[in-house]
Amino acid sequence: MKANVGKFDRIFRFALAAVLAILAYSEIIPNEFQLVAYIIAIVFALTGLIRVCPLYMPFGISTRREK
């Protein structure tokens, strides 16, 4: 798969994943939504880590600068 997540997008995804995980862990997010928050945080962290967002592919979106 071709990378389609740029530098700013990666930073934003990691930050959002961290915020969601912290909110869920500190129980600011209600118990019934904590699992969902953790799953979303993991998805954001993984897509930032591997630099590929499957939802961007069908639309041809890329936030990565081409060199």
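Residue 187 in our numbering is what sits at position 57 of the sequence shown, and the numbering runs on without skipping anything. Quick reminder that beta carbons are idealized off the backbone N, C-alpha and C, glycines included.
N- and C-terminal bounds of the alpha helix (DSSP H) containing Ala151:
Segment Lys137 to Tyr155, the alpha helix (DSSP H) holding Ala151.
Using a threshold of 7 Å, state whether the C-beta atoms of Arg195 and Asn134 are closer than that.
No, these two residues do not count as a Cβ contact at 7 Å.
Figure out for me which residue from Glu162, Ala147, Phe138 and Lys137 has the closest Cα to the Cα of Leu176.
Each of Glu162, Ala147, Phe138 and Lys137 was checked against the Cα of Leu176, and the nearest Cα belongs to Ala147.
Using a 10 Å radius around the Cβ and a threshold of 16 neighbouring Cβ atoms, would you call Ala167 buried or exposed?
Answer is buried; the Cβ neighbour count reaches 16.
Boundaries of the alpha helix (DSSP H) in which Ala133 is found, first to last residue:
Per DSSP, Ala133 belongs to no alpha helix (DSSP H) and is neither H nor E.
What distance in whole Å lies between the Cβ atoms of Gln164 and Ala199, which are believed to be in contact at a cut-off of 8 Å?
This structure leaves residue 199 out entirely; the chain is present only between 131 and 197.
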